[in-house]
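**Student:** Which chain is which? The protein sequence lines are A and B, in order.
Be aware that the first sequence starts at 1, since it is given in the numbering used here, and climbs by one per residue.
Be aware that the second sequence starts at 1001, since it is given in the numbering used here, and climbs by one per residue.
In this text, a Cβ means the ideal position worked out from N, Cα and C, and glycines have one as well.
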Amino acid sequence: MTSLIENLRLAWEGVAANKMRALLTMLGIIIGIASVIGILTVGEGMSGSVTQNLGSLGANNINLYLQIKETPDGQLPLRMVYEPEDYITDPMLDALSQRYPGAILGISAMNYMFDGEGRRDGSTANVSVQGVNEGFFAVEGLKLAAGRTLNQRDMDRFREVAVVSDRLVANLFGGDVQAALGQNLRVYQGTESSPGSQVLNLTIVGVYQFQVTSASNTAESKIPTTLYIPLTTAKRMNGEPDGYTSLTIATAPDVDSTAFAQTAASFLNRYYERNESFQVSSFSMQSVVESMNAIMGSISLALSVIAGISLLVGGIGVMNIMLVSVTERTREIGTRKALGATNAQIRTQFVVESMIICFIGGILGLALGTAVGYVGSKLIAKVGYLPSTTSILISVGFSLAIGLFFGYYPANKAAKMDPIEALRYE
Amino acid sequence: MSTDKRTPIIQMRGIVKRFYIGQPNELEILHGIDLDVYPGEFVSIVGASGSGKSTLMNIIGALDRPTEGSYLLDGLAVDTADDLELSAIRNQKVGFVFQTFNLVPRINAQRNVELPMLYAGLSQTQRAARARELLEMVGMGERTSHLPNELSGGQKQRVAIARAMANDPAILLADEPTGALDSKTGRLVMDLFHKLNRENGKTIVLITHSQELARETDRILTMRDGLLDTKSEVTSA
């Protein structure tokens, strides 16, 4: 039998004889493979960016929050506004910590106040004011550039102190983070053109490193940054009672956070058995990441299937051209048979020819799809992604399979030709 | 003739060929052909079109099987061979030379000559050496890397003859080999056949409609209405 290299050479002679036609035939495969690879890569980029964004919020975090409780007959409760007795309290959380020692690394709670402007010597900085508890900084992993975070004493004494971003320091204090510590800062609700009623007079105790998390058309110095004040201070200003309507718990790395979210919610709900309006619900970041990834996965799979249809069309195109090629080369086939080529040798020649076309198409499609996927994921996810080894191997393997599948029928037609008829063919 | 005592290279007995068997238009082309061709002979088969000449040639060349009768080619039974065996017989025992040359257009002369050896499973180096040797022999040693469309008709036919000789077949089967050539180049091709017959002892069967060419051969067999007219056998000098 003829060797693999001989078969490749025989087939290559056939492809090379009609380069333009081969290239046009490949186009279907190129586009098909490129779209599958492009979609998979962009999809991977999207789920990667979701994982990263949610992960930066803490992959081991769980969220607990108050949720409206339906009445036994499925109606909404009569009361849907929080009363002081509805709030999740520190004693409840202490009980939870004691019941599951070591599971909880930290508890973070926050309370939004308002968007406004910090002003100093005619300069302004856009801020979003949040009240946070002392556990917030560790749980959210905020990096300090100078000073300290808010502590229990700030909470207990309702201090009017603030942890601000280094961007705000750049806008108002010329960027010297050390010099900003201890400085006074007035924060006004709203903007100068549409002012609100609240004004805070705060002392800066800490500066954190601001990280841009999403793209925005706003000029860099105008991007609003969060300004943190003690939760107790914020609640008193807002006239809210102690306790929380929602909070984040950082769990220890060895804890199954999805399961613990359930456990923690059922533990706390024992305090809400007689509450007719509210109960505690929970979710873990892990489960959010997982379900987002599952959604992304299904979307890319669905799109890939659609792109796969173009591969099918491409494959039919290959079959069509191979049939034309076999007919055109009838005489050559007759000659080869007269020279002693077996049916199997003729079949192999044409199958390999079709596989070469699809293989080259697959490689070109892979290159194109990689480029599309890289640019696409860079635009959508801000990070350029490359196709995984698995998708590279699958796409190359798949294009070879298309070549084999759609090349077989024409090749078999060639193999079964009667040499006498074939030699007589004009 | 002493050759007659040896084993024939082509031995046909009662060869019948029918087409469309079992259908209303069943057609018998060959009615029972007996033919012996001995090693080293140069015979010609002549006959008008429709005489069954082409059908006989296809059977001699193992392109087709007879409906009835037995055919041994260099000791191998063609009549009972399956497709795979027929391929092997064509590859090893028959060297075809066609009227229209039938070179594969997109590969060069050397590669064309290598084809039968490729299908025989010879290595690249063996094929290349043998192909160059054969092309030298037919006077095409300078044009081994030319593509068929860069060659004249006579040159193409010489490449085709080199290709037919590739696996040192038992017979050369030439179907109107000068039919597409002018008389001068046709003459050169015929001279080459004579040389191969004389110097290499090659057994040659020439199919032609030209009595003039046939008269150059050892023996003329005339096909007439599906039968070989043995009375017409002529032995030239």
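Flag E332/A as yes if its beta-carbon sits less than 7 Å from any beta-carbon of chain B, otherwise no.
**Tutor:** yes
**Student:** Using a cut-off of 7 Å between C-beta atoms, extract the partners of D1064/B located in chain A.
**Tutor:** I420
**Student:** To be precise: take each residue of the region 1027 to 1061 of chain B, compare its Cβ to all Cβ atoms of chain A, and keep it if any distance is under 8 Å. Which residues remain?
**Tutor:** N1058, G1061
**Student:** I need the straight-line Cα distance from P1024/B to R1219/B, nearest angstrom please.
**Tutor:** 38 Å
**Student:** Please state the DSSP three-state secondary structure of R153/A.
**Tutor:** helix
**Student:** What would DSSP say about M1140/B, mapped onto helix, strand or coil?
**Tutor:** Coil.
**Student:** Taking the continuous beta strand (DSSP E) assigned at P230/A, which residues delimit it?
**Tutor:** 225 to 230 is the span of the beta strand (DSSP E), which, as asked, contains P230/A.
**Student:** Rounded to whole angstroms, what is the Cα-Cα separation between A179/A and E160/A?
**Tutor:** 19 Å
**Student:** Is the separation between the beta-carbon of A261/A and that of F283/A shorter than 7 Å?
**Tutor:** yes
**Student:** Are the C-beta atoms of S1087/B and some chain A residue less than 7 Å apart?
**Tutor:** yes
**Student:** Within 10 Å of its beta-carbon, does A294/A have 16 or more other beta-carbons around it, so buried, or fewer, so exposed?
**Tutor:** exposed
**Student:** Helix, strand or coil: how does DSSP classify P1177/B here?
**Tutor:** P1177/B carries a coil assignment under DSSP once its states are collapsed to helix, strand and coil.
**Student:** Any idea which residues DSSP pairs G58/A with across the strands?
**Tutor:** DSSP lists no partner for G58/A.
**Student:** Run the CB neighbour count on I1107/B, radius 10 Å, all protein chains shown included, and call it buried at 16 or more, exposed below.
**Tutor:** buried
**Student:** With DSSP collapsed to three states, give me the class of Y271/A.
**Tutor:** Of the three classes helix, strand and coil, the one that applies to Y271/A here is helix, per DSSP.
**Student:** State buried or exposed for S1002/B, treating a residue as buried only when at least 16 other CB atoms are found within 10 Å of its CB.
**Tutor:** Because the pLDDT at S1002/B is just 44, under 50, the model does not fix this residue reliably, and the value given afterwards should be weighed accordingly. Label assigned to S1002/B: exposed.
**Student:** I'd like to know whether the C-beta of A341/A is nearer than 7 Å to at least one C-beta of chain B.
**Tutor:** yes
**Student:** Let me know the secondary structure DSSP gives V36/A once reduced to three states.
**Tutor:** helix
**Student:** For V15/A, which residues from the same chain have a beta carbon less than 7 Å from its beta carbon, with the 5 sequence-adjacent residues on both sides left out?
**Tutor:** A22, E353, I356, I357
**Student:** Exposed or buried, P387/A, counting other C-beta atoms within 10 Å across all chains shown (16 or more means buried)?
**Tutor:** By the 10 Å Cβ count, P387/A comes out buried.
**Student:** Using a cut-off of 8 Å between C-beta atoms, extract the partners of A59/A located in chain B.
**Tutor:** Here the premise fails: no neighbours, minimum Cβ distance about 60 Å.
**Student:** Return yes when the Cβ of T1208/B is within less than 7 Å of the Cβ of S1044/B, no when it is not.
**Tutor:** yes
**Student:** Just curious, the alpha helix (DSSP H) that P410/A is in, first and last residue?
**Tutor:** Looking at the DSSP string, the run of the alpha helix (DSSP H) that includes P410/A is 389 to 415.
**Student:** Against Y1243/B, what residues of chain A qualify as contacts under a CB-to-CB distance less than 8 Å, listed in chain order?
**Tutor:** Residue 1243/B is absent from the structure shown; chain B starts at 1001 and stops at 1237.
**Student:** Quick one, are the C-beta atoms of G369/A and G32/A less than 7 Å apart?
**Tutor:** No.
**Student:** What residues from chain B crowd round E328/A, counting only those whose CB sits closer than 7 Å?
**Tutor:** Here the premise fails: no neighbours, minimum Cβ distance about 11 Å.
**Student:** Assign P1008/B to one of three DSSP states: helix, strand, or coil.
**Tutor:** Shown here, P1008/B sits in coil according to DSSP, grouped into three states, outside any helix or strand.
**Student:** Could you work out which residue in N171/A, Q152/A, I107/A is closest to T232/A when comparing CA atoms only?
**Tutor:** Q152/A
**Student:** Please list, in chain order, the chain A residues whose beta carbon lies closer than 9 Å to that of P1148/B.
**Tutor:** Here the premise fails: no neighbours, minimum Cβ distance about 11 Å.
**Student:** Cutting at 8 Å between CB atoms, please list the residues of its own chain near P253/A, excluding the five before and the five after it.
**Tutor:** Cβ neighbours of P253/A beyond the five flanking positions: N60.
**Student:** What number of angstroms, rounded off, separates the C-alpha of G397/A from the C-alpha of W12/A?
**Tutor:** Each residue's CA atom was taken as its position, placing G397/A and W12/A some 19 Å apart.
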